[in-house]
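Novice: Here it is, the structure, as structure tokens.
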Amino acid sequence: MPITFLDLTDEIIQLVGHFVNPDNSLPIPSFTPHWENCATVINPHISKDLIAFRETCTGIRTICKLEGLHLETGYWTEVQAYLINDRWNNHLKAVSRARISISSLKDETDVVSCWMAFTSLLMKMPNLEELISDEVPFCVHSAAVWTTEELRLPPWPILNNLTSLSIHPICHKCASIIPLLIIPAALKLQHLRHGVVKPDKDNMIADSRDTSEDLFRHIKNAWCKRQSKSEMPLKTLHLGSPSRKVSFDILYIMRSETYVEPGHR
Ligand SMILES: [Zn+2]
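Counting in the numbering used here, the sequence shown runs from 4 upward without gaps.
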């Protein structure tokens, strides 16, 4: 009887599945500092060979897990489709890297429902390791009903396996608010790239270094409180700052200052 591909051991077939998915050869983080090339490697078609390999037969599909997929979206209509249609659930569970960059809200008065849709999509991706958000749409500071300042993290776990995060809010108010909304949820966060924390010209806060240091102190305290830990696991910080020393100082702050529960100081 001739020997077939399925006569190979499960371990060998899994190894073939590993090597046909180029995601496995990409580094974590895949992004580089601001002063280097900002091109992204996130490509929704990167795993087409793994998907084709799994569709060869039921035996291979059983042996090789669907994993290491990429997701890229810039439209609320796509986010809604992922949330509404259950057929995407297995695909979303297998996503390891996502680039979600949406430039505007569906409706400026509805920042809360857009934030809930965003966090719900993150919850559907429990194996997400890297998240890039070049554009963050939750920028409403003067609407009559809800504003960005009123958004809160959901109490259920999201981003539990995220190790790399790149966010770049353009608005200086959002640059102070959005990181505090997202980073405390990331239990295993090791690599962070963040846009410039610009001074608040309206309030004449002149020193961007102070602004950045204060922000990252708040981030560290919020992370430690949510995760009930005393140290963040952060290893690298790329801060969009004209001064490299600021990044170094802030990383030192995030590594070395001890978190104290409010009221215990
Ligand atoms: Zn804003």
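Ideal Cβ positions, reconstructed from N, Cα and C, are used throughout, including at glycine.
Only a predicted model underlies this, so the values are computations on that prediction, with no experimental measurement involved.
Taking the DSSP output, what are the residues bridged to GLU75?
Specialist: Residue numbering aside, residue 75 sits at position 72 when the sequence shown is read from its first letter. Paired residue(s): ARG102.
Novice: Using only Cβ atoms and a threshold of 6 Å, which residues come within that distance of a heavy atom of ligand 1? Order them by chain position.
Specialist: Checking every Cβ against the heavy atoms of ligand 1 under 6 Å gives CYS142, HIS144, THR151, CYS174, LYS176, CYS177.
Novice: Assuming SER33 and VAL44 form a contact by the criterion Cβ under 8 Å, report the distance between their Cβ atoms to the nearest whole angstrom.
Specialist: Along the sequence shown, one-based indexing puts residue 33 at 30. Along the sequence shown, one-based indexing puts residue 44 at 41. Indeed, because the Cβ distance is near 5 Å, the residues count as touching under 8 Å.
Novice: CB-CB under 6 Å to PRO157, same chain, minus the five flanking residues each way: which ones, in chain order?
Specialist: The residue you call residue 157 lines up with position 154 of the sequence shown. If we look at PRO157 and ignore the five residues flanking it on each side, its Cβ neighbours are THR122.
Novice: Using the beta-carbon count (16 or more within 10 Å), is LEU18 buried or exposed?
Specialist: Position 15 of the sequence shown, counting from 1, holds the residue named residue 18. It counts as exposed.
Novice: Could you check if ALA38 is buried or exposed, using at least 16 other CB atoms within 10 Å of its CB as the buried criterion?
Specialist: Walking along the sequence shown from the start, residue 38 turns up at place 35. Per the sequence shown, the amino acid found at residue 38 is Trp instead of Ala. Exposed.
Novice: Within the chosen definition, does the segment 68-77 reach the segment 42-57 through at least 3 CB pairs nearer than 8 Å?
Specialist: Contact between the segment 68-77 and the segment 42-57 is present, because at least three Cβ pairs lie under 8 Å.
Novice: With a 10 Å radius around its C-beta and 16 neighbouring C-beta atoms as the bar for buried, classify ARG90 as buried or exposed.
Specialist: Here residue 90 refers to the residue found at position 87 when the sequence shown is read from its first residue. Counting Cβ neighbours within 10 Å, ARG90 comes out exposed, since fewer than 16 surround it.
Novice: Can you give the Cα-Cα distance for ALA84 and ILE16, rounded to whole angstroms?
Specialist: If you number the sequence shown from 1, residue 84 lands on position 81. If you number the sequence shown from 1, residue 16 lands on position 13. One C-alpha to the other measures close to 33 Å.
Novice: Just to confirm my understanding: we take LEU9, look at its own chain, exclude 5 residues before and 5 after, and list those with CB closer than 7 Å. What are they?
Specialist: Walking along the sequence shown from the start, residue 9 turns up at place 6. Contacts found: GLY62.
Novice: Is LEU134 closer than 8 Å to LEU183 when the C-beta atoms are compared?
Specialist: In the sequence shown, counting from the first residue as 1, residue 183 sits at position 180. In the sequence shown, counting from the first residue as 1, residue 134 sits at position 131. Taking 8 Å as the Cβ cut-off, LEU183 and LEU134 do not qualify as a contacting pair.
Novice: Since ARG229 and PRO187 are thought to touch, with beta carbons under 8 Å apart, how far apart are those beta carbons, to the nearest angstrom?
Specialist: By one-based count along the sequence shown, residue 229 stands at place 226. By one-based count along the sequence shown, residue 187 stands at place 184. Indeed, because the Cβ distance is near 4 Å, the residues count as touching under 8 Å.
Novice: Using the Cα positions of GLY20 and THR150, report the straight-line distance between them to the nearest angstrom.
Specialist: The residue you call residue 20 lines up with position 17 of the sequence shown. The residue you call residue 150 lines up with position 147 of the sequence shown. For GLY20 and THR150, the distance between alpha carbons rounds to 46 Å.
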